[in-house]
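There are 2 protein chains.
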Amino acid sequence: MQKQIKLVKRPVGTPVEEDFEFSQVPIGEPAEGEVLVRTNYISVDPYLRGRMNDVKSYVPPFELNSVISSGVVAQVVESKSPHFKENDIVTGMLGWQEYSVAKESVIRKIDTTLAPASAYLSVLGMTGLTAYFGLLDIGQPKDGETVVVSGAAGAVGSTVGQIAKIKGAHVVGIAGSDEKINYLIDELGFDAAINYKTEDVKTALYKACPNGIDVYYENVGGPIGDAVLPLLNKFARIPVCGAISAYNNEKADIGRRVQGYLIKTSALMKGFTVGDYAPRFKEGTEALAGWVQEGKLQYEETITDGFDHTIDAFLDLFKGANLGKAIVKVSEID
Amino acid sequence: MQKQIKLVKRPVGTPVEEDFEFSQVPIGEPAEGEVLVRTNYISVDPYLRGRMNDVKSYVPPFELNSVISSGVVAQVVESKSPHFKENDIVTGMLGWQEYSVAKESVIRKIDTTLAPASAYLSVLGMTGLTAYFGLLDIGQPKDGETVVVSGAAGAVGSTVGQIAKIKGAHVVGIAGSDEKINYLIDELGFDAAINYKTEDVKTALYKACPNGIDVYYENVGGPIGDAVLPLLNKFARIPVCGAISAYNNEKADIGRRVQGYLIKTSALMKGFTVGDYAPRFKEGTEALAGWVQEGKLQYEETITDGFDHTIDAFLDLFKGANLGKAIVKVSEID
């Protein structure tokens, strides 16, 4: 038997412990073309909140009383696939449970000589790729332009800012504590950073962006997204990656309408999810791994130890407390 | 001497007659490289309201106590340019006055054998080109997709809908009277049309767009723009051309934040002004003229007779009364 986490209630507003339930279920047996894997690391992500609602979105909602799934790194225990052998380390979208039976088509091997296994859930995984494609494909920062990123100390935001620096931009981060602000400037080399909890964001942006804003990488939505609008330059680009400030809203998300600002500046705003770029993941992973190895791209992980703390790690995301990518360590890699 | 219209007060909310003043000024003399023209037609447009505010926008604000300018068709009276001769018919951004002295670089000759001169202020002018580039460059409708256009009976909107039909789309218009609705369906071949004054727009859109919305050509903003958001399909495109509902707002324009909708659908929203496409105007004018001559593209003009009624014609734009492009006829072409 093994432990598994199910969604048992659809959260109303911010998720709470009672929305989830641990249960004991049998460890499955792989059929032909399948492998049995032991979970090493689980990725906990803000976007999972959206899948807990019963509404159409870019990924289908989680079913009630079923196991939750997200990005996972796991090690092959038993393989009935010619593509995998025992002890291979793989990643894929798998369940929040200690063991999974996975079809060979939904997992891929990772190279832990390039980076530690957990990095495939952070800087070389979905969050790194989300930063890479949103910034470079939609944002397209040019040398000397100003790039503003919200949620800047988070896993996606910190990678966005560093890639923007690599591309020669003036980079301004928005985050929620002085500790994070200092981290962005002192450790990651951001040109400026704004603490939205203690500063007036609009005033601080005017000061930090004397040449206006060419790219705003949107991670949070809400009043911070509103504050950026009057500073947009002609032909500004806004990759819209997240709106965490609204994920737990029970009411409609109301704020400044963007139309007038977009017309004045001929600006572009585009939503995306990393899955839109699936055919280019190899390109992205290689570029990111190269920058990591050159020492140009740092990343932080907040690793919570033990499967029993998976729900806590997820709930912590909505308290704005974590620095870098939130990951749960479930077992050692052999 | 000649008559001229100046802006004497910056309008607060909806413009009123007292914001403008007629005055008598001398008819100028052309210098080398200039021509003297007699105004035949003046274009009155909603976007001019924006230029009456003292704020940075895509075009500079009008100066107080100076002549207002917009698109004009005029005939050359005296030429000191080798590129123009007496009686040539030209178009350009010129003043609201009976005669103008224009530099040769700011006007271009038009071919009145392709279409009547006034058409160069409507379907072959800025409004036609605004429809053409916004729809085809940003909206990119594909055969069988659903295109929704607001302000659908206006000069831009009616052209957008017809081009979308030419491209094989299912076309739904939103307008403000049953007369306009009937015109869109019976005369222009729209597949459906919604009267936002008598119908619940959201409910009507659900009915008119059974396959969701792939392209929303935004002319009005406000609650109509909000109502479209929940119906967007994956990879939807929103060319943002106008937000007339907000032009006269004295307060911030508040409504549904778009971020969450854009993320769910990977949708794109892009503001633009026709000037962004200046290098491609020849392509656009030729395509539009071709469709007009093939009978595939109809256009309406509301022509107000007499320079003295120019202000009335402008103020009427904000009453939603006009059908098609609003133009003032100032003098006959010889």
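If you read the sequences in order, they're chains F and D.
Here the numbering used here is used: the first sequence runs in plain steps of one and ends on residue 353.
Here the numbering used here is used: the second sequence runs in plain steps of one and ends on residue 353.
Note that beta-carbon positions come from the ideal geometry of N, C-alpha and C, so glycine has one too.
Since the model is a prediction, treat every value here as computed from it, not as a measurement.
Within a Cβ cutoff of 6 Å, which residues of the same chain sit near residue i, ignoring the five residues on either side of it in sequence?
i                 : result
Glu37 of chain F  : none
Ala174 of chain F : Ser141, Thr146, Gly343 and Lys344
Gly114 of chain F : Val86 and Ser88
Glu5 of chain F   : Outside the displayed span of chain F (20 to 353) sits residue 5 of chain F, for which this structure offers no information.
Val166 of chain D : Pro160, Ala183, Ala188, Val190 and Val234
Phe103 of chain D : Val54 and Val95
Ala227 of chain F : Val191 and Ala211
What first and last residue would you give for the alpha helix (DSSP H) that runs through residue i?
i                 : result
Ile257 of chain D : Taken as a continuous stretch (DSSP letters only), Ile257 of chain D belongs to no alpha helix (DSSP H), being part of the beta strand (DSSP E) at Leu251 to Val259.
Lys199 of chain D : Asp197 to Asn201
Ala10 of chain D  : With chain D covering 20 to 353 only, the question about residue 10 of chain D has no answer from this structure.
Val220 of chain F : Val220 to Ala227
Arg70 of chain F  : Leu67 to Arg70
Met145 of chain F : Met145 to Phe152
Ile352 of chain F : Neither: Ile352 of chain F is in no alpha helix (DSSP H) and is coded neither H nor E.
Asp245 of chain D : Gly241 to Val247
Ile182 of chain F : Ala174 to Ile185
Could you check the C-alpha separation between residue i and residue j for me, to the nearest Å?
i                 : j                 : result
Arg275 of chain D : Ile46 of chain F  : 46 Å
Pro135 of chain D : Gly158 of chain D : 29 Å
Ala345 of chain D : Val120 of chain D : 24 Å
Thr178 of chain F : Leu336 of chain F : 18 Å
Leu316 of chain F : Lys184 of chain F : 10 Å
Gly144 of chain D : Asp219 of chain F : 44 Å
Asn84 of chain F  : Arg29 of chain F  : 10 Å
Thr33 of chain F  : Ala194 of chain F : 20 Å
Asn72 of chain F  : Glu105 of chain F : 37 Å
Val239 of chain F : Gly240 of chain D : 23 Å
Ile213 of chain F : Lys301 of chain D : 47 Å
Pro101 of chain F : Gly52 of chain F  : 8 Å
Ile204 of chain D : Gly261 of chain D : 23 Å
Lys221 of chain D : Ala246 of chain D : 5 Å
Lys99 of chain F  : Asn252 of chain D : 39 Å
Ser196 of chain F : Ala211 of chain F : 14 Å
Ile257 of chain F : Val293 of chain D : 21 Å
Arg70 of chain F  : Ala286 of chain D : 19 Å
Phe254 of chain F : Val277 of chain D : 19 Å
Asp386 of chain F : Gly170 of chain D : This structure does not reach residue 386 of chain F, given that chain F is present from 20 up to 353, and the question cannot be answered.
Under a three-way DSSP split, which group does residue i fall into?
i                 : result
Val54 of chain F  : strand
Val92 of chain D  : strand
Arg276 of chain F : coil
Tyr296 of chain D : helix
Val27 of chain D  : coil
Thr165 of chain F : strand
Lys216 of chain D : coil
Glu123 of chain D : helix
Asp233 of chain D : strand
Ser85 of chain D  : strand
Thr132 of chain F : coil
Thr33 of chain F  : coil
Lys315 of chain D : coil
Lys283 of chain D : helix
Ser98 of chain D  : strand
Asp210 of chain F : coil
So, is residue i buried or exposed, given that buried needs 16 or more other C-beta atoms within 10 angstroms?
i                 : result
Asp331 of chain D : exposed
Ser124 of chain D : exposed
Asp272 of chain D : buried
Gln181 of chain F : buried
Val259 of chain D : buried
Pro49 of chain D  : buried
Let's see if you can read the secondary structure: which residues bound the beta strand (DSSP E) around residue i?
i                 : result
Phe41 of chain F  : Phe39 to Val44
Asp64 of chain D  : Run containing Asp64 of chain D: none; DSSP gives neither H nor E here.
Lys348 of chain D : Lys344 to Lys348
Lys289 of chain F : Leu287 to Gly290
Leu336 of chain D : Premise fails: Leu336 of chain D is in no beta strand (DSSP E) and is neither H nor E.
Thr110 of chain D : Ile108 to Gly114
Val191 of chain F : His189 to Ala194
Asp156 of chain F : Element bounds for Asp156 of chain F: n/a, residue is neither H nor E.
Asp73 of chain D  : Per DSSP, Asp73 of chain D belongs to no beta strand (DSSP E) and is neither H nor E.
Given residue i, which residues of its chain have a CB within under 7 Å of its CB, disregarding the five upstream and five downstream residues?
i                 : result
Asp64 of chain F  : Ser89
His328 of chain D : Val347
Thr137 of chain F : Sequence inspection shows Ser at residue 137 of chain F; the Thr mentioned does not correspond to that position. Correct list, in chain order: Tyr60, Val92, Glu320, Ile322 and Ile346.
Val349 of chain F : Thr58, Asn59, Tyr60, Ile61, Glu117 and Phe326
For residue i, which residues from the same chain have a beta carbon less than 8 Å from its beta carbon, with the 5 sequence-adjacent residues on both sides left out?
i                 : result
Gln43 of chain F  : Met20, Gln21, Lys22 and Gln23
Gly163 of chain F : Gly187, Ala188 and His189
Taking 8 Å as the threshold (beta carbon to beta carbon), is residue i in contact with chain A?
i                : result
Val31 of chain D : Protein chains F and D are contained in the structure displayed, whereas chain A is not.
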